[in-house]
Amino acid sequence: MLLLSHMTTGRSRTLIWVTVLLLLSHNTFICLAGSGRQEVPQKIVSLGPINTENVYLLGAGDRLVGTTTYCVRPDAAKSTAKIGSVLQVSVEKIISLQPDLVLATGLTRDSQIELLRKVGLKVVRFDQPSSFASSCEQFEQLGQLLGLEKRAKTITSELRRQIQTIVNRITALGLPSPKVVMQIGADPLYLSGRDSFTNDFIELILAKNVNDTLSGRIGYERVIAADPDLILIAIMGSETGVASKEQEKWNRINVIKAVQDQRIHIVDPNLVCSPSPATFVQALHQIVPLIYPQIPKPGTF
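Using full-length UniProt numbering, the first residue of the sequence shown is number 1, and each one after it goes up by one.
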């Protein structure tokens, strides 16, 4: 007891929690392991916004007992217990919620995942998807984990159908492929690249990404030389005015066709930069009329 009273650092407190939980739950985990049954998780902690949105999309939001401070969509997620930020979660808080499934992200620290697994918690990590297709694959894997595989596949099938309908409409109208810049960072300039998730917002609907490299770092000179038809700005923190400042900066480069035609648009970064299957299609419905003005309104495909 004297030893425990002096262990007051964050790491020491975590180790105490781990030790105590191991002792208290040892018999329980032996019983579960010996039962041979695959339990459907009923108490879930999500360590990232995409995971949280996907759980709600599957209709399992009532199973979420904890999320991060970044998990604000849908609105119901705001009222869940908060276990820290995406980058820094509280292992003690997660353990106290006694979840039977923890959904980690690519940003979750390996050391924290290890600690959670040491107390017998099931942790499944979903890395940042690299495309709409990989996002759908992850969503279906989550559906399988939650015993909702059929529902997950129904949802992804409908989302794929919506995208194909958009593509069919563009093809039927015989529309040319505009050259598009999607800016996702500033100071330095950072664009959507060929191997990024956001590239799908452009190429899945038959447009051409001006930045055809793997890197997002590209100079203004290359953009000017490519002479894009359209510039989309999707920068996190746009509510602070950073996107408007970038729009003003582009407007001063009046040799670009996009500037001359007044086709520099700010799009919602919370949708564009949050690659869940549903938010991808929601964002796409906003982006399509910007790239193809001949298609007047979102949702009319």
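Using N, Cα and C, we set each Cβ at its ideal position, and we do this for glycine too. Here the structure is a predicted model, which is why all the values come from computation and not from measurement.
For residue i, which residues in the same chain have their Cβ closer than 7 Å to its Cβ, ignoring the five residues on either side in sequence?
i	result
residue 218	189, 191, 211
residue 226	179, 210
residue 186	235, 242, 246
residue 282	271
residue 203	209
residue 254	260
Among the options, which residue has its Cα nearest to the Cα of residue i?
i	options	result
residue 131	288, 272, 291	272
residue 139	275, 289, 98	275
residue 84	63, 60, 48, 59	48
residue 98	237, 225, 44, 174	44
residue 172	295, 39, 40	295
residue 174	226, 253, 205, 70	205
residue 199	216, 282, 144	216
residue 134	75, 74, 197, 181	197
residue 237	80, 93, 268	268
residue 222	181, 261, 74	181
residue 93	254, 108, 65, 75	65
Inspect the beta-carbon positions of residue i and residue j and report whether they are closer than 7 Å.
i	j	result
residue 154	residue 136	no
residue 243	residue 235	yes
residue 77	residue 67	yes
residue 256	residue 183	no
residue 142	residue 60	no
residue 247	residue 224	no
residue 278	residue 58	no
residue 91	residue 112	yes
residue 103	residue 168	no
residue 178	residue 229	yes
How should residue i be labelled, buried or exposed, when 16 other C-beta atoms within 10 angstroms of its C-beta is the threshold for buried?
i	result
residue 207	buried
residue 284	buried
residue 20	The pLDDT assigned to residue 20 is 46, lower than 50, so where the model puts this residue is not dependable, and the model offers no usable value.
residue 176	exposed
residue 53	buried
residue 220	exposed
residue 193	buried
residue 240	exposed
residue 26	The predicted position of residue 26 is uncertain, since its pLDDT is 41 and thus under 50; a value taken from the coordinates is nonetheless stated next. Classification of residue 26: exposed, given that the 10 Å Cβ count is below 16.
residue 37	Any reading at residue 37 must be qualified, since the residue scores a pLDDT of 47, below 50, and its modelled position is unreliable; the value itself is stated next. Exposed: under 16 other Cβ atoms inside 10 Å.
Using 8 Å for Cβ pairs, my map puts residue i next to residue j. What's the rounded Cβ distance?
i	j	result
residue 266	residue 201	Rounded, the Cβ-Cβ distance is 14 Å, inconsistent with contact.
residue 259	residue 270	Contact doesn't hold; Cβ gap of about 26 Å is too wide.
residue 124	residue 101	7 Å
residue 63	residue 42	6 Å
residue 46	residue 55	6 Å
residue 170	residue 292	6 Å
Quick one: residues in its chain with C-beta nearer than 6 Å to the C-beta of residue i, no 5 flanking neighbours on either side, listed in chain order?
i	result
residue 128	106
residue 280	132
residue 82	69
residue 110	none
Quick one: residues in its chain with C-beta nearer than 8 Å to the C-beta of residue i, no 5 flanking neighbours on either side, listed in chain order?
i	result
residue 195	130, 214
residue 149	140, 143
residue 151	58, 59, 143
residue 72	49, 78
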